[in-house]
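Asks:
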Amino acid sequence: MGDLSAQAAAAMEPILRQLQSPDNTLRNEAEMAFNAAKQQPGPCLDALSALATSSQDEIVRAAAAVLLRRTATDLWDRLNEPTKIAVKQRLLAGIRQEPIAANRKKLCDTISVLGAGVVARGGWPELLPFLFEISKSPSADERESALYIFAQLTGYISTELEPYLSTLHGMFRTALSDSEQIVRAAALKATVSVLNHAESAKCAEFEDLIPLMLHPLSESLNAGDEDLARKSIEMLIEVMETEPRFWRNHLPQVTSAMLTVASTTTLEEGTRQLGLEFLVSTAEKLPTACRKMANFVQSVIPVAMAMMLELQDEQEWYAKDDDDDDTMEYTNFDAGQESLDRLAIALGGKAVLPVAFGIIPQFLDNASSWEHRHAGLLA
Numbered sequence: 001m002g003d004l005s006a007q008a009a010a011a012m013e014p015i016l017r018q019l020q021s022p023d024n025t026l027r028n029e030a031e032m033a034f035n036a037a038k039q040q041p042g043p044c045l046d047a048l049s050a051l052a053t054s055s056q057d058e059i060v061r062a063a064a065a066v067l068l069r070r071t072a073t074d075l076w077d078r079l080n081e082p083t084k085i086a087v088k089q090r091l092l093a094g095i096r097q098e099p100i101a102a103n104r105k106k107l108c109d110t111i112s113v114l115g116a117g118v119v120a121r122g123g124w125p126e127l128l129p130f131l132f133e134i135s136k137s138p139s140a141d142e143r144e145s146a147l148y149i150f151a152q153l154t155g156y157i158s159t160e161l162e163p164y165l166s167t168l169h170g171m172f173r174t175a176l177s178d179s180e181q182i183v184r185a186a187a188l189k190a191t192v193s194v195l196n197h198a199e200s201a202k203c204a205e206f207e208d209l210i211p212l213m214l215h216p217l218s219e220s221l222n223a224g225d226e227d228l229a230r231k232s233i234e235m236l237i238e239v240m241e242t243e244p245r246f247w248r249n250h251l252p253q254v255t256s257a258m259l260t261v262a263s264t265t266t267l268e269e270g271t272r273q274l275g276l277e278f279l280v281s282t283a284e285k286l287p288t289a290c291r292k293m294a295n296f297v298q299s300v301i302p303v304a305m306a307m308m309l310e311l312q313d314e315q316e317w318y319a320k321d322d323d324d325d326d327t328m329e330y331t332n333f334d335a336g337q338e339s340l341d342r343l344a345i346a347l348g349g350k351a352v353l354p355v356a357f358g359i360i361p362q363f364l365d366n367a368s369s370w371e372h373r374h375a376g377l378l379a
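What follows is the structure in structure tokens.
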């Protein structure tokens with residue numbers, strides 16, 4: 001760091017500390033000081049990038065990274081070339097040096113926002129080669145960072161990434177099989193981001209990754225990490241919504257996995273509902289394939305109807321007013337009932353009614369369970 005950079009950083013650091021103050025007066029003074037500092041974009045971004053990557057105080061590093069992300073895009077074109085180079089170099093070095101995961105994510109976010117604005121203009125030719133390099137790093141943190149940034153950037157530089165799709169395919173294949181869970185999860189997110197933004201013909205080249213894309217889901221469920229499992233399913237639903245044909249050759253495998261999720265009663269409601277949502281979205285996006293697929297309707301309808309049984313015989317349920325609908329929790333019963341409607345619309349009566357009418361009489365005739373009779377009537 002040169003003398004001028006060191007001076008700018010030394011002047012900025014107390015401002016960043018004061019911005020964290022619980023005292024409104026002190027914090028307002030710091031905000032005014034920071035706004036004044038932005039009037040000199042070069043020293044301001046120079047100082048923020050230096051502090052984000054070199055301060056001994058982790059709180060200052062975090063604050064500097066966040067403020068750099070928020071200000072860099074607006075101020076970037078007012079910087080001279082040496083300052084631009086220094087900021088970019090510090091950021092790339094910073095994600096390799098930062099020991100705290102949360103701060104490293106903030107640096108990755110800053111790189112992503114800045115990259116989104118300058119890569120397409122040829123303003124950061126080193127970025128993509130650097131990301132490909134650290135995607136092969138012995139450090140799991142660096143591998144995760146590369147994938148995290150790709151996931152953030154893809155929507156902004158999809159054209160620039162087209163020549164690298166083959167390289168990305170190989171990188172994702174390796175990362176989805178990585179020994180570290182954080183890398184596999186980041187790989188799924190990056191893969192989904194590319195699929196959501198690439199042309200359909202290009203997406204087809206990634207079809208062989210589908211079995212690997214299911215691994216983070218099964219592994220998180222086996223580990224009892226349902227939050228990660230839900231995030232995985234949500235990402236897979238995204239691809240079904242944006243690129244349904246991507247799944248056609250692997251529907252039996254994918255639907256089998258989601259049927260298991262939706263029907264496993266030991267899982268949390270939100271997890272099971274997302275499993276069912278994937279299946280219903282599949283029926284809506286690929287109705288012909290679902291009608292032709294052996295046992296799709298015969299498997300999904302019973303799962304939806306089974307969810308409609310999951311009501312508790314509680315006085316609060318009877319006393320519920322229609323005006324309370326907006327505040328009521330979305331239950332498995334709601335998911336099952338809505339799914340039946342959507343499946344019938346998507347697949348048509350000829351496919352759905354024979355299966356439904358094979359189950360409904362059994363529900364209606366169940367004298368010992370009001371839940372069965374209630375679900376049968378509504379179905």
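Using the UniProt record's numbering, you'd call the opening residue of the sequence shown number 1 and step up by one each time. Beta carbons: idealized from backbone N, C-alpha and C, even for Gly. Note that the structure is predicted; figures quoted are calculated from it, not measured.
Between C108 and S145, which are expected to be in contact by the criterion C-beta below 8 Å, what is the C-beta distance as a whole number of angstroms?
Replies: Working through the sequence shown from its first residue, we reach residue 108 at position 108. Working through the sequence shown from its first residue, we reach residue 145 at position 145. Yes, they are in contact, since the Cβ atoms of C108 and S145 sit about 5 Å apart, within 8 Å.
Asks: Roughly how many whole angstroms lie between the Cα atoms of M293 and P252?
Replies: Against the sequence shown, residue 293 aligns to sequence position 293. Against the sequence shown, residue 252 aligns to sequence position 252. Looking at the two C-alpha atoms, the distance is approximately 8 Å.
Asks: Taking Q40 as part of the alpha helix (DSSP H), name the residues at either end of that continuous run.
Replies: As a position in the sequence shown, residue 40 is number 40, starting the count at 1. Unbroken run through Q40: none, as it is neither H nor E.
Asks: Using beta-carbon positions only, say whether V194 and I157 come within less than 8 Å of one another.
Replies: The residue labelled residue 194 in the question sits at position 194 within the sequence shown. The residue labelled residue 157 in the question sits at position 157 within the sequence shown. It is not a contact, given that the beta carbons lie outside the stated cut-off.
Asks: In whole angstroms, what separates the C-alpha of L168 from that of K350?
Replies: As a first step, residue 168 is located in the sequence shown; it is residue number 168 there, counting from the start. As a first step, residue 350 is located in the sequence shown; it is residue number 350 there, counting from the start. In a straight line, the C-alpha of L168 is about 43 Å away from that of K350.
Asks: Which first and last residues belong to the alpha helix (DSSP H) in which V239 is found?
Replies: Counting from one through the sequence shown, the residue named residue 239 turns up at place 239. That run of the alpha helix (DSSP H) goes 226-242.
Asks: Going by alpha carbons, who is nearest to E205 out of V183, R230, M213, S166?
Replies: In the sequence shown, residue 205 corresponds to position 205, counting from 1. Among V183, R230, M213, S166, the Cα nearest to that of E205 is on S166.
Asks: To the nearest angstrom, report how far apart A30 and M12 are at their CA atoms.
Replies: Stepping through the sequence shown from its first residue, residue 30 is reached at position 30. Stepping through the sequence shown from its first residue, residue 12 is reached at position 12. Distance between the alpha carbons of A30 and M12 is about 10 Å.
Asks: Alpha carbon to alpha carbon, how far is P14 from Q20? Give it in angstroms, no decimals.
Replies: Taking the first residue of the sequence shown as position 1, residue 20 is located at position 20. Taking the first residue of the sequence shown as position 1, residue 14 is located at position 14. Cα-Cα distance, rounded: 10 Å.
Asks: Whole angstroms is fine: what's the gap from T255's alpha carbon to A116's?
Replies: As a first step, residue 255 is located in the sequence shown; it is residue number 255 there, counting from the start. As a first step, residue 116 is located in the sequence shown; it is residue number 116 there, counting from the start. Going by the C-alpha atoms only, they are around 36 Å apart.
Asks: Return the CA-CA distance between residue 393 and A72, expressed in angstroms with no decimal places.
Replies: Examination of residue 393 is not possible in this model, given that the chain is present from 1 through 379 alone.
Asks: What first and last residue would you give for the alpha helix (DSSP H) that runs through F246?
Replies: Position 246 of the sequence shown, counted from the first residue, corresponds to residue 246. It is not in any alpha helix (DSSP H) - F246 carries neither H nor E in the DSSP assignment.
Asks: Can you tell me the Cα-Cα spacing of A201 and A190, whole angstroms?
Replies: As a working note, residue 201 is residue 201 in the sequence shown. As a working note, residue 190 is residue 190 in the sequence shown. Going by the C-alpha atoms only, they are around 18 Å apart.
Asks: Is the CB-CB distance between A175 and L214 below 8 Å?
Replies: Within the sequence shown, residue 175 is the residue found at index 175, counting from 1. Within the sequence shown, residue 214 is the residue found at index 214, counting from 1. Contact flag unset, no.
Asks: Which residues in the same chain as N249 place their Cβ atom closer than 7 Å to its Cβ, once the five residues preceding and following it in sequence are excluded?
Replies: Locating residue 249 in the sequence shown gives position 249, where the first residue counts as 1. Here the set comprises E207.
Asks: Just the C-alpha distance for Q40 and I149, rounded to the nearest angstrom, thanks.
Replies: Position 40 of the sequence shown, counted from the first residue, corresponds to residue 40. Position 149 of the sequence shown, counted from the first residue, corresponds to residue 149. The straight-line gap from Cα to Cα measures roughly 29 Å.
Asks: Residues in the same chain with beta-carbon distance under 6 Å from R61, minus the five sequence neighbours each way, listed in chain order, please.
Replies: One-based indexing of the sequence shown puts residue 61 at position 61. Contacts found: A52, S55, N103.
Asks: With DSSP collapsed to three states, give me the class of T265.
Replies: As a working mapping, residue 265 is identified with position 265 in the sequence shown. Residue state, collapsed to three classes: coil.
Asks: May I ask which residues mark the beginning and end of the alpha helix (DSSP H) holding Q337?
Replies: In the sequence shown, the residue the question calls residue 337 occupies position 337. Start and end: 332-347.
Asks: Distance check for C44 and A10, CA to CA, integer angstroms please.
Replies: Reading the sequence shown from its first residue, position 10 is the one you call residue 10. Reading the sequence shown from its first residue, position 44 is the one you call residue 44. Going from the Cα of A10 to the Cα of C44 covers about 11 Å.
Asks: So, using beta-carbon positions, are S49 and A86 closer together than 8 Å?
Replies: The sequence position of residue 49 within the sequence shown is 49, counting from 1. The sequence position of residue 86 within the sequence shown is 86, counting from 1. Closer than 8 Å, so yes.
Asks: Check T154 in the structure and name its three-state DSSP category.
Replies: The residue labelled residue 154 in the question sits at position 154 within the sequence shown. T154: coil per DSSP, three-state reduction.
Asks: Which residue marks the beginning of the alpha helix (DSSP H) containing P82, and which one marks its end?
Replies: Here the question's residue 82 lines up with position 82 in the sequence shown. From DSSP, the alpha helix (DSSP H) with P82 extends over 81-97.
Asks: Going residue by residue through the stretch 154-188, where are the continuous alpha helix (DSSP H) segments of at least 4 residues, counting only ones entirely within it?
Replies: Whole alpha helix (DSSP H) segments, 4+ residues: 158-161, 165-176.
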